[in-house]
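Working notes, beginning with the structure itself.
Protein chains: 2
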Amino acid sequence: MLKQERQQVILNEVALHNRVLLTDIAEVLNVSVDTIRRDVIQLDSERKLKKVHGGAISLGYTNEGIPQQKVYALDKKSKIADKAVQLLKSGNVIIVHGGTTCLEFAKKIPSNLSLTCFTMSLPIALELAKKPKVEVIIIGGTLSKESLIASGANAIHNLSKITVDYSFLGTGYVDANYGLTEFDWESVQVKKAIVQSSKKAVLLTISEKLNSQNRYKTCDLQEISIMITELSPSDSKLEDFREKNITLL
Amino acid sequence: MLKQERQQVILNEVALHNRVLLTDIAEVLNVSVDTIRRDVIQLDSERKLKKVHGGAISLGYTNEGIPQQKVYALDKKSKIADKAVQLLKSGNVIIVHGGTTCLEFAKKIPSNLSLTCFTMSLPIALELAKKPKVEVIIIGGTLSKESLIASGANAIHNLSKITVDYSFLGTGYVDANYGLTEFDWESVQVKKAIVQSSKKAVLLTISEKLNSQNRYKTCDLQEISIMITELSPSDSKLEDFREKNITLL
DNA sequence: ATATCTTTTGCAGTATTTTGCAACCTTTTT
DNA sequence: AAAAAGGTTGCAAAATACTGCAAAAGATAT
Chain A
21 MLKQERQQVI
31 LNEVALHNRV
41 LLTDIAEVLN
51 VSVDTIRRDV
61 IQLDSERKLK
71 KVHGGAISLG
81 YTNEGIPQQK
91 VYALDKKSKI
101 ADKAVQLLKS
111 GNVIIVHGGT
121 TCLEFAKKIP
131 SNLSLTCFTM
141 SLPIALELAK
151 KPKVEVIIIG
161 GTLSKESLIA
171 SGANAIHNLS
181 KITVDYSFLG
191 TGYVDANYGL
201 TEFDWESVQV
211 KKAIVQSSKK
221 AVLLTISEKL
231 NSQNRYKTCD
241 LQEISIMITE
251 LSPSDSKLED
261 FREKNITLL
Chain B
21 MLKQERQQVI
31 LNEVALHNRV
41 LLTDIAEVLN
51 VSVDTIRRDV
61 IQLDSERKLK
71 KVHGGAISLG
81 YTNEGIPQQK
91 VYALDKKSKI
101 ADKAVQLLKS
111 GNVIIVHGGT
121 TCLEFAKKIP
131 SNLSLTCFTM
141 SLPIALELAK
151 KPKVEVIIIG
161 GTLSKESLIA
171 SGANAIHNLS
181 KITVDYSFLG
191 TGYVDANYGL
201 TEFDWESVQV
211 KKAIVQSSKK
221 AVLLTISEKL
231 NSQNRYKTCD
241 LQEISIMITE
251 LSPSDSKLED
261 FREKNITLL
């Protein structure tokens, strides 16, 4: 077998599966691992793949150097935020919870819109503070150092005393039958209170979270009035959700 | 399975749900927790996520947020902060109001000190959130866009329900006879509430503000327990204040 | 065809990396 | 304060990598 053929097999494998193990290929091609290793070293130097300990991975598959400062799936979240801000009318009173999707939403609130916004998220409060016509009210509570969101009994108590037109919130997991779920119990308590405090609860979520669930339940899907994903409302992935009594945007 | 694949799985999980538990991932990928821990340590050092106790979280949240303007008289304020942190003992419950002097103070809180800190200032909350052993509780209220401090009836009501060991606050103006005064009515209300809620109120102020006054009064000097300036307590500029019944530091 | 040279391949011995484990410390929770 | 969960360190086994070398294969020249 020619060297070029071998190398092509390796590249095909990487293209198809994003990875190969040296030992696998060596066995399949019936040559020594050393030979395959030398092939991979060469292909790496030609920048056709990335050699790693024990194998090789596709170049696109590497996270080299790109510090993950960016928001995951920002394009989708941005699309969601665009749809969400359409709901707003001047004079509305809203709650914005937290998370990166809500943060995108907060950023996109038009500066000519007069709003009263409650939030327990520090990043969102800072963002809203930039909008001249938005009155920002912080919901106090114990601060989570990870999410920079206030929660706890205090937050829930404060929420119990208000009623707003819309609440905007994300979720860790959502399933058409199981509803909204979270990994974290504290989160659930606060989100429950938010849903209760709002005439219409708006769920902002990327489609990747659809049909997933975790241990603690926030609420049934029916308690949400509007669900916004980056998908078109007619997308087939939303089929299960269309049957439920909620508006899809 | 290649190390890179594992790390990719971890990054995906973090990107999607903002968090992972080491034990969960270890079970899913069928490797020891130690291996996952080492992966996470590496990814952390590459700034692709943030390692926390028991798991990892997304960097996207760890929002630094505040546009850092130049602080006037930073050297003096830093000196004041140095003196102020000496008062703290592990287990103390304190209120930290806002302003650049208090912010310096918050930054200088030693990271080995266990504290419970109430604050209504967003910049200070963000700073305190970096201290592992400090529990941060946000006092909610209407957010001032200039100072990023929550105030209003809500804040005052929340303050009325707590009692703390120390409160740390700045002032716009201070005079040995007229006490602490402000230009701003809202500010005064909140500061009054803070002084009332604390066993000992600690005033942090640069000496330039001594012997000045404005329209609204926060409290008499006697209601303050400790006043800290950048000056030596024996400095002649503090003469008027030495006669009053407060501790100078 | 033979001798010479170059490239490729496998092997052996020696490094290096990765991984899991155990003992011991630290943080968190109760 | 105790218990539980998580973290750290050092270590040893296993897997993988690297180096030098020599046989094999192929190419080139005489």
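Heads up: the sequence lines are chains A and B, in that order. Straight run, no breaks: the first sequence in the working numbering ends on number 269. Straight run, no breaks: the second sequence in the working numbering ends on number 269. We put the beta carbon where it would ideally sit given N, CA and C, even for glycine. Small disclaimer: the values here were computed from a predicted structure and weren't measured.
Item                                                                                                                                                                                                  : Value
Pull up the DSSP beta-bridge partners for methionine 247 of chain A, would you.                                                                                                                       : A/Leu223 and A/Leu268
Of all Cβ atoms in chain A, is any one closer than 9 Å to the Cβ of glycine 161 of chain B?                                                                                                           : yes
Just grab the DSSP bridge partners of phenylalanine 188 of chain B for me.                                                                                                                            : B/Val116 and B/Val222
Per DSSP, which one or two residues make a beta bridge with valine 156 of chain B?                                                                                                                    : B/Cys137
List the residues of chain A whose Cβ lies closer than 9 Å to the Cβ of isoleucine 158 of chain B, in chain order.                                                                                    : Met140, Leu142, Ile158, Ile159, Gly160, Gly161, Thr162, Leu163, Ala170, Asn174 and Ala175
Taking only three categories from DSSP, how would you classify alanine 170 of chain B?                                                                                                                : strand
Where does tyrosine 236 of chain A fall in DSSP's three states?                                                                                                                                       : strand
Consult DSSP for tyrosine 282 of chain A and reduce its assignment to one of helix, strand or coil.                                                                                                   : Any answer about residue 282 of chain A is impossible in this case: the structure gives chain A only from 21 up to 269.
What are the start and end residues of the alpha helix (DSSP H) that includes lysine 97 of chain A?                                                                                                   : 94 to 105
Taking all protein chains shown into account, decide if glutamate 147 of chain A is buried (16 or more other Cβ within 10 angstroms of its Cβ) or exposed.                                            : buried
Return the residue from the list B/Met140, B/Cys122 and B/Lys109 that minimises the CA-CA distance to serine 131 of chain B.                                                                          : B/Lys109
Could you tell me whether the Cβ of threonine 238 of chain A comes closer than 9 Å to any Cβ of chain B?                                                                                              : no
Listing by chain order, which chain B residues have their CB less than 9 Å from the CB of glutamate 206 of chain A?                                                                                   : Result: empty, since nearest Cβ-Cβ is about 12 Å, beyond 9 Å.
Return the chain-ordered list of same chain residues with a C-beta closer than 6 Å to the C-beta of serine 256 of chain B, the five sequence neighbours on each side being excluded.                  : none
In chain order, what residues of the same chain lie with their CB nearer than 8 Å to the CB of lysine 211 of chain A, ignoring the 5 residues before and after it?                                    : His117, Leu189, Thr191, Leu200, Glu202, Thr238 and Cys239
Compute the distance between the beta-carbons of valine 208 of chain A and leucine 241 of chain A, then report whether it is under 9 Å.                                                               : no
List the residues of chain B whose Cβ lies closer than 7 Å to the Cβ of tyrosine 186 of chain A, in chain order.                                                                                      : Within chain B, no residue comes near tyrosine 186 of chain A; the closest Cβ sits about 19 Å away, beyond 7 Å.
Contact between the stretch 153 to 168 of chain A and the stretch 149 to 157 of chain B is defined here as three or more beta-carbon pairs at a separation below 8 Å; is this criterion met?          : yes
Taking Cβ-Cβ distances below 7 Å as the criterion, which residues of the stretch 53 to 74 of chain A are in contact with chain B?                                                                     : Val72, His73 and Gly74
Determine whether the Cβ of proline 152 of chain B lies closer than 9 Å to any Cβ atom of chain A.                                                                                                    : yes
Mark threonine 121 of chain A as exposed unless 16 or more other C-beta atoms lie within 10 angstroms of its C-beta, in which case mark it buried.                                                    : buried
Give a yes or no on whether the minimum CB-CB distance between alanine 196 of chain A and chain B is below 9 Å.                                                                                       : no
Which one or two residues does DSSP pair with valine 53 of chain B in a beta bridge?                                                                                                                  : In the DSSP output, where bridge partners are listed per residue, valine 53 of chain B has none listed.
Does the contact criterion of 3 or more C-beta pairs under 8 Å hold for the stretch 225 to 237 of chain B versus the stretch 255 to 269 of chain B?                                                   : yes
Distance check for leucine 269 of chain B and isoleucine 114 of chain A, CA to CA, integer angstroms please.                                                                                          : 46 Å
Does DSSP put lysine 70 of chain B in a helix, in a strand, or in coil?                                                                                                                               : strand
By the criterion of Cβ-Cβ separation under 8 Å, what are the contact partners of phenylalanine 261 of chain A in chain B?                                                                             : None at all; the shortest Cβ gap to chain B is about 19 Å.
If the cut is a Cβ gap below 7 Å, which residues of chain B does isoleucine 129 of chain A touch?                                                                                                     : Ordered by position in chain B, no residue passes the 7 Å Cβ test against isoleucine 129 of chain A, which lies about 14 Å from the chain.
Determine the chain B residues that contact alanine 149 of chain A at a beta-carbon separation under 7 Å, and present them in chain order.                                                            : Leu163, Lys165 and Leu168
Between threonine 120 of chain A and chain B, is there a C-beta pair that is closer than 9 Å?                                                                                                         : yes
Under three-state DSSP, which class holds glutamate 263 of chain A?                                                                                                                                   : coil
Does chain B have any CB closer than 9 Å to the CB of asparagine 178 of chain A?                                                                                                                      : yes
Please report the Cβ distance between valine 40 of chain B and alanine 93 of chain B, rounded to the nearest whole angstrom; I am assuming they are in contact, meaning their Cβ atoms lie under 8 Å. : Valine 40 of chain B to alanine 93 of chain B, Cβ: 45 Å. No contact.
At 9 Å on the CB atoms, spell out the chain B contacts of alanine 145 of chain A, in chain order.                                                                                                     : Leu142, Leu163, Leu168 and Ala170
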